[in-house]
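A.B. asks:
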Amino acid sequence: MANKDPINKRRVGICVLLSFVTLGIYAFYWLYLLVKNVRSLKNDTRSCIGEMLCLILVPIYPIYWWYTRGNDVKRLLEERDCQASSTGSLFLVLLLLSSFIPLVIFIPMGIMQGDFNSLPTAVSKSHKANFFSPIGKFFRNIGKMFTGGSVGTKLSYFIFGAGNIYHKQYIKGGIFLLLQIAIILFMVLCPSINGTPYGYKALANLSLKNLSKGGEFDPATGGMTTGSDCKLMILFGFVTIAVIVIFVILWYKNIQSSYKADMDKKIGKKPTTFKEDLQSLLDQKFHITMLTPTCIAALVFTVLPTIFMIALAFTTYNDPDMNDAGTTLFHWNGVQNFARVFTGEGSLGFEIKNRFLPVLGWTFIWAIFATLTCYFGGIILALLINKKGLKGKKIFRTIFIMTIAVPQFISLLAVRNILGEFGPVNKMLMDFGWTNHAIGFLGLNPADSEILAKVMVIVVNMWVGIPYTMLMTTGILMNIPADLYEAGRVDGASTTKMFFKITLPYVIFITTPYLISSFVGNINSFNTIYLLTGGGPTHTGYQAGGTDLLVTWLYKVTIDQGAYNTGAVIGIFTFLITATITLITYRRSKAYNEEDTFQ
Amino acid sequence: MKKLIVVLLALMMVTAMFTGCGTKEKGVIRMWVGEESAEFYQKVCDEYVAANPDFGYTVEVKGMDTGSVAGTITNDPTAAADIYTVAHDNIGKLASTQCAKPITDEALIAQVIADNPASYQQVIYSNLNDVKYLYGVPYISQALFLYYNKALVTDEQAQSFEGLREAAKAAGTKAITVTGDDGFNMSFALLAQKVTDHSTTVKIYEGADSASGGSKGESNCQGDDTVAIYRWLQAYAADPNGFKWASSDGWHADLDKNNLGVLAVIGGAWHYKTAAASLGETNLGIALIPTFTLTEEACEGLTGVAAGDVYRGGTFADCKCFMINAHSEPSKYASEQQLIKYLSSKEIQNRSYVECLNVPAYTGSAEFIKQCFDEGKVTESQYNLAITQVGMAEWGIPQPFITGTLNTYYYSKNAPSVLRAIVDKSAYPTTGDIILTETESLEGIRKALYMVEYLWMHGQSPKDFPANLPDKA
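From first to last, the protein sequence lines stand for chains A and B. Using the working numbering, the first residue of the first sequence is number 1, and each one after it goes up by one. Using the working numbering, the first residue of the second sequence is number 1001, and each one after it goes up by one.
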């Protein structure tokens, strides 16, 4: 029997995620495990409930605890020949910072957990570096560079580029200095757009307090003040935070640059010139040159808007229960929008409480069926088309590829017309006398069958989805090494056995990432549902209809109802679900764990 | 060298991305109007600029989708045009979200007062810091009316719902449908008026005040006439040759002469082209929304109505207005008002009718419409289209939503779906988790109508129902 490891190891990212999902409850459990781990390291077997209670209830105790336990963990790990990122002073600083930004508390917890994870265990596999290791390294380097650096390096802690100038790297130093001045000016002068400032004022504005309603109008001149715009206030606040992060990175880089020059000098090398630095950007650091614009674009066009939309989930932005100017004047309301899922408060809360679980359930059923039917349908079709002896393979393949060539929305709208009340299918059924009224195949009227509509969307989806899998599987089938089949034949395997033992495992091995992305894609399959059924049949009194997925419901709540804050909540839930499923399934798949090793 | 080229190309790409954002041109007044009239108003504005050298601005007119333009403006008013046109029910929302600037030019205000009917003048003002200002200048009138299949429905049959039913029975189909089940398109039942005296007990935000702390006015949806009308409609919808909701293929498919799903549809002027395509110009009849006669069953247990009372389907009789963007430069303000005064004058409204078939909003426009027909400037169906809308204005009220909240309460709070549930005799949910299992009985209809009124006034469903209905919310 394996020894049970007394140290609780946890993936830091999962712990943080669970803490968010459980609205902080898991964070307390995680903290309890950390307290327990420290005790275990000290071979202290007493109960840690009392210590945990003190941590939660006694105001100043956490400061003491984090400081002393940080140092304890460092010492105890070093005794076991392990490198530790935890230090009392670091934890103290982070704890103080967390009193201003509460989420910072996850950093010391993550660092300490990372240290525990790095301990060798009786039953461990190789441990992987955790997210917080670089943060620990960052703080260690700052200390190391200050104590080991030259006067110039020490100066560059306060004046950007001072170290470089000290080492006669004037242009580089000058650029650093100019950037420092520019950012400081940006922060102090607070330039504004449409009356909303950046800089330190933007940080203050993030509280969304002291809002001005505006609307001061001068009939003589036609001049009009338009008051506070909370949308811009949040956006500019985040931009300012991004500028501060860039400032910190520049600060670190300027110290690092000076320290590198120190080290070069120490080993008798001449510090690099500006020209050499530029040349390196086209040579060994070319990846940096190419990736920088991409990263900036991703930050500006993807990360910032995403953070902005997430932030809206915690506000009253355009809340239908608020008055008039909801898109410009709103305020933070904590997790109230999330709580509506459970309490049903507010006009949309009623909708969310009663429709969230049915919509979520149907989203999963849809995603599973839509994925599997298209996946296996595609494989079967590919096998049939690639069957030896079949004549006209290219013609068949072309026919199915044609369905991809036709834009999906045209196919879907055509099917919608075919199955509509006056469509050919209903006309034919009535002409044959099989029915005396039009059948609502797609649930477009409230009285139509929900089950029939659900079955129909899955069937119609096969029409637009199977050719993709067929095309991909055809390529895979053509690339299965012939010697595998040869070996199978030598061993006397039947065609069926070879299919189940060679073909299918090979295809599944290659296509697992596709299968996962296809599943997630189907969870967010807006086109198929919206264009075919519009989410119908509708449920009287609710936005979410019988075939609505989370994503189409999200569309209705935001576009039709204008409740962007509630929409953001649904969006975040959808993201959490898809991200969790993707991470878990992908990390457990053979394609991930046994990369390049299909056997 | 290759790498240098790659870097330069990447830089060019990034630069191109960031230079996409242009700046507003000075010396230009930008204007958004309905797509169908953009060319006309560009021509008129160019003429005005040429005739007034002192005006000092050129005008750029752009056609926008009338249905969604208000949303586009509230999403980003800084990017919207200096002058834009919207249906008047958007005034409250645009004014309260500081997307619109008050109009103060005395000559323009005098023109608005002199030219427009009193009903319009009640819904084009809003408050800013408790001061009442004119915000919208009417220039197009619009109302719902009836399109019908002239090949199967006589003009006389088209005058009443009963006549339509008779025609539908002969054709083996349904009588009538609507273009949507929302609060606007279903107004024919809610706003129906007694033929003899134009009376109705329905009130929607009557006397509402957009000042800070202002009231939502008075609403009523529980009158005996409303109950009787919905009971009548329930029966009419249950009739195999009566009312039906538009099919999944759209109302135009129902109206199509080949499908014969319905013989008539209640719609607006903006549905004209589609209706004509469904029936053909020669088969397309246009008439006032028909009358209907309350039955014994509809009036049973009610005191305010009597069997045999005749009602005509009602409508929201709206107007489209010019408005000035709050973010427009103050230096343009006087010129903008000067331009709007010209564009909303009777002369330009008349030209707009002849060239774009926009029904003028000013009082007494029927005379000009008739004159145009007599002079052969418009076809018979174009004449009917305009004169019917003018006629329907007498059977309707403008949407009285002078604040953004009231607009949201009326359209986005499930009241239309409750009204649909009554017609369908289906169940509907409430916030108190009370599921009403029927809307067929008098009590069920009363509860549903109480709920509709409560939604109008409070923006959410009632948690409970009063013991005795009708009850004022």
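Backbone N, C-alpha and C fix where the C-beta goes; we use that ideal spot for every residue, glycine too. Here the structure is a predicted model, which means the values were calculated and not measured.
I want to verify the contact list: residues of chain A whose CB lies under 7 Å from the CB of Phe1452(B), in sequence order.
C.D. replies: The residue you call residue 1452(B) lines up with position 452 of the second sequence. This sequence places Val at residue 1452(B); Phe is not what is there. Per Cβ cutoff of 7 Å: no residues; Val1452(B) is ~12 Å from chain A at best.
A.B. asks: How about the stretch 539 to 552 of chain A and the stretch 394 to 404 of chain A: do they share at least three Cβ pairs that are nearer than 8 Å?
C.D. replies: Too few Cβ pairs lie closer than 8 Å, so no.
A.B. asks: Taking Cβ positions, are Thr1066(B) and Gly1027(B) nearer each other than 7 Å?
C.D. replies: Sequence index remark: in the second sequence, residue 1066(B) carries index 66 (1-based). Sequence index remark: in the second sequence, residue 1027(B) carries index 27 (1-based). Contact: no.
A.B. asks: Can you give me the start and stop residues for the beta strand (DSSP E) that Ala1175(B) sits inside?
C.D. replies: The residue given as residue 1175(B) occupies position 175 in the second sequence. 1174 to 1178 is the extent of the beta strand (DSSP E) around Ala1175(B).
A.B. asks: Using the Cα positions of His1088(B) and Leu1152(B), report the straight-line distance between them to the nearest angstrom.
C.D. replies: Residue numbering aside, residue 1088(B) sits at position 88 when the second sequence is read from its first letter. Residue numbering aside, residue 1152(B) sits at position 152 when the second sequence is read from its first letter. When rounded, the distance between both Cα atoms is 37 Å.
A.B. asks: Interface residues of chain B around Asn527(A) at Cβ under 8 Å?
C.D. replies: Here residue 527(A) corresponds to residue number 527 of the first sequence, with the count starting at 1. Per Cβ cutoff of 8 Å: no residues; Asn527(A) is ~18 Å from chain B at best.
A.B. asks: Which residues in the same chain as Val359(A) place their Cβ atom closer than 8 Å to its Cβ, once the five residues preceding and following it in sequence are excluded?
C.D. replies: Along the first sequence, one-based indexing puts residue 359(A) at 359. So the list reads Ala544, Asp548, Leu549, Leu550, Trp553, once near-sequence residues are dropped.
A.B. asks: Is there a C-beta anywhere in chain A that falls below 7 Å from the one on Ser1247(B)?
C.D. replies: As a first step, residue 1247(B) is located in the second sequence; it is residue number 247 there, counting from the start. Taking Cβ atoms only, chain A reaches closer than 7 Å to Ser1247(B), which makes this a yes.
A.B. asks: If we cut at 7 Å on Cβ distances, does Thr1388(B) have a partner in chain A?
C.D. replies: Start at 1 with the first residue of the second sequence, and residue 1388(B) comes out as number 388. No, Thr1388(B) does not count as interfacial toward chain A.
A.B. asks: Which residue's Cα is closest to the Cα of Asn71(A): Met112(A), Tyr198(A), Tyr61(A)?
C.D. replies: The sequence position of residue 71(A) within the first sequence is 71, counting from 1. Among Met112(A), Tyr198(A), Tyr61(A), the Cα nearest to that of Asn71(A) is on Met112(A).
A.B. asks: Would you give the residue range spanned by the beta strand (DSSP E) that Val1059(B) belongs to?
C.D. replies: Working through the second sequence from its first residue, we reach residue 1059(B) at position 59. Counting along the chain, the beta strand (DSSP E) containing Val1059(B) begins and ends at 1058 to 1064.
A.B. asks: In whole angstroms, what separates the C-alpha of Glu450(A) from that of Tyr530(A)?
C.D. replies: Along the first sequence, read from residue 1 onward, the residue named residue 450(A) stands at position 450. Along the first sequence, read from residue 1 onward, the residue named residue 530(A) stands at position 530. In a straight line, the C-alpha of Glu450(A) is about 15 Å away from that of Tyr530(A).
A.B. asks: With a threshold of 7 Å between beta carbons, is Tyr1333(B) in contact with chain A?
C.D. replies: Position 333 of the second sequence holds residue 1333(B). At least one chain A Cβ lies under 7 Å of Tyr1333(B).
A.B. asks: In whole angstroms, what is the alpha-carbon distance linking Cys1021(B) and Thr302(A)?
C.D. replies: Within the second sequence, residue 1021(B) is the residue found at index 21, counting from 1. Within the first sequence, residue 302(A) is the residue found at index 302, counting from 1. Confidence is the limiting factor: at Cys1021(B) the pLDDT is only 46, short of 50, which leaves the residue's position unreliable, though a coordinate-based value still follows. Looking at the two C-alpha atoms, the distance is approximately 18 Å.
A.B. asks: Measuring only between beta-carbons, confirm whether Glu78(A) sits less than 7 Å from chain B.
C.D. replies: The residue labelled residue 78(A) in the question sits at position 78 within the first sequence. Chain B contact via Cβ: absent.
A.B. asks: Assuming Val507(A) and Ile379(A) are in contact, meaning their beta carbons sit under 8 Å apart, how far apart are those beta carbons, in whole angstroms?
C.D. replies: Here residue 507(A) corresponds to residue number 507 of the first sequence, with the count starting at 1. Here residue 379(A) corresponds to residue number 379 of the first sequence, with the count starting at 1. 6 Å between Cβ atoms; contact.
A.B. asks: Can you round the beta-carbon distance between Ala339(A) and Asn565(A) to whole angstroms, since I take them to be within the 8 Å contact cut?
C.D. replies: As a working note, residue 339(A) is residue 339 in the first sequence. As a working note, residue 565(A) is residue 565 in the first sequence. So it is not a contact: roughly 12 Å between Cβ atoms.
A.B. asks: Please specify which runs of the alpha helix (DSSP H), each continuous and at least 4 residues long, are wholly inside the stretch 1168 to 1231 of chain B, giving them in chain order.
C.D. replies: Listed in chain order, they are 1187 to 1190.
A.B. asks: Taking the alpha carbon of Thr582(A) as the point to measure from, which residue in Leu185(A), Phe376(A), Phe519(A) has its own alpha carbon closest?
C.D. replies: Counting from 1 along the first sequence, the entry for residue 582(A) is found at position 582. For the residues Leu185(A), Phe376(A), Phe519(A), the minimum Cα distance to Thr582(A) belongs to Phe519(A).
A.B. asks: Among residues of its own chain, excluding the 5 on either side of Lys1273(B), which ones have a beta-carbon nearer than 7 Å to its beta-carbon?
C.D. replies: Taking the second sequence and counting its residues from 1, one reaches residue 1273(B) at position 273. Same-chain partners within the cutoff: there are none.
A.B. asks: Applying a beta-carbon distance threshold of less than 8 Å, which residues of chain A neighbour Leu1128(B)?
C.D. replies: Locating residue 1128(B) in the second sequence gives position 128, counting from the first residue. Per Cβ cutoff of 8 Å: Gly215, Phe217.
A.B. asks: I'd like the list of long-range same chain contacts for Ile572(A), defined as Cβ closer than 7 Å, with 5 residues on each side in sequence excluded.
C.D. replies: Mapped onto the first sequence, residue 572(A) falls at position 572. Here the set comprises Ile310, Ala313.
A.B. asks: Would DSSP call Pro1138(B) helix, strand or coil?
C.D. replies: In the second sequence, the residue the question calls residue 1138(B) occupies position 138. Of the three classes helix, strand and coil, the one that applies to Pro1138(B) here is strand, per DSSP.
A.B. asks: Give the straight-line distance between the Cα atoms of His127(A) and Ile288(A), rounded to the nearest whole angstrom.
C.D. replies: For the purposes of this step, residue 127(A) is taken as the residue at position 127 of the first sequence. For the purposes of this step, residue 288(A) is taken as the residue at position 288 of the first sequence. For His127(A), the predicted structure reports a pLDDT of 46, less than 50, and the residue's modelled location is therefore unreliable. The matter cannot be settled from this model.
A.B. asks: What would DSSP say about Tyr1362(B), mapped onto helix, strand or coil?
C.D. replies: As a position in the second sequence, residue 1362(B) is number 362, starting the count at 1. Tyr1362(B) falls in the coil class under three-state DSSP.
A.B. asks: Under DSSP, the beta strand (DSSP E) around Val1033(B) begins and ends at which residues?
C.D. replies: Reading the second sequence from its first residue, position 33 is the one you call residue 1033(B). Note, Val1033(B): beta strand (DSSP E), 1028 to 1034.
A.B. asks: Give the residues of chain A in contact with Asp1424(B), contact being defined as C-beta atoms less than 9 Å apart.
C.D. replies: On the second sequence, residue 1424(B) is found 424 positions in, with the first residue counted as 1. Chain A residues near Asp1424(B): Pro446, Ala447, Thr540.
A.B. asks: Mind pulling the alpha helix (DSSP H) runs of 4 or more residues that sit fully within the stretch 183 to 237 of chain A?
C.D. replies: Complete alpha helix (DSSP H) runs here, min 4: 199 to 205.
A.B. asks: When the Cα atoms are used, what is the spatial distance from Pro1462(B) to Ala1306(B)?
C.D. replies: Taking the first residue of the second sequence as 1, we reach residue 1462(B) at position 462. Taking the first residue of the second sequence as 1, we reach residue 1306(B) at position 306. For Pro1462(B) and Ala1306(B), the distance between alpha carbons rounds to 30 Å.
A.B. asks: Exposed or buried, Thr1154(B), counting other C-beta atoms within 10 Å across all chains shown (16 or more means buried)?
C.D. replies: Against the second sequence, residue 1154(B) aligns to sequence position 154. Flag for Thr1154(B) reads exposed.
A.B. asks: Buried or exposed, going by whether 16 or more other CB atoms sit within 10 Å of the CB of Cys295(A)?
C.D. replies: Locating residue 295(A) in the first sequence gives position 295, where the first residue counts as 1. Exposed, because fewer than 16 other Cβ atoms sit within 10 Å of the Cβ of Cys295(A).
A.B. asks: In three-state terms, what does DSSP make of Ser1160(B)?
C.D. replies: As a position in the second sequence, residue 1160(B) is number 160, starting the count at 1. Reduced to three states, the DSSP call for Ser1160(B) is strand.
A.B. asks: Kindly indicate which three-state DSSP category Arg46(A) falls into: helix, strand or coil?
C.D. replies: Along the first sequence, read from residue 1 onward, the residue named residue 46(A) stands at position 46. Three-state result, Arg46(A): coil.
A.B. asks: Are the beta-carbon atoms belonging to Lys1101(B) and Ala1326(B) less than 7 Å from one another?
C.D. replies: Sequence index remark: in the second sequence, residue 1101(B) carries index 101 (1-based). Sequence index remark: in the second sequence, residue 1326(B) carries index 326 (1-based). Taking 7 Å as the Cβ cut-off, Lys1101(B) and Ala1326(B) qualify as a contacting pair.
A.B. asks: Is the beta carbon of Thr226(A) closer than 7 Å to that of Ala202(A)?
C.D. replies: Against the first sequence, residue 202(A) aligns to sequence position 202. Against the first sequence, residue 226(A) aligns to sequence position 226. Their beta carbons are not under 7 Å apart, which means Ala202(A) does not touch Thr226(A) by this criterion.
A.B. asks: DSSP three-state label for Ile1340(B), please.
C.D. replies: Residue numbering aside, residue 1340(B) sits at position 340 when the second sequence is read from its first letter. In the structure shown, Ile1340(B) sits in a helix (DSSP, three-state: H, G or I).
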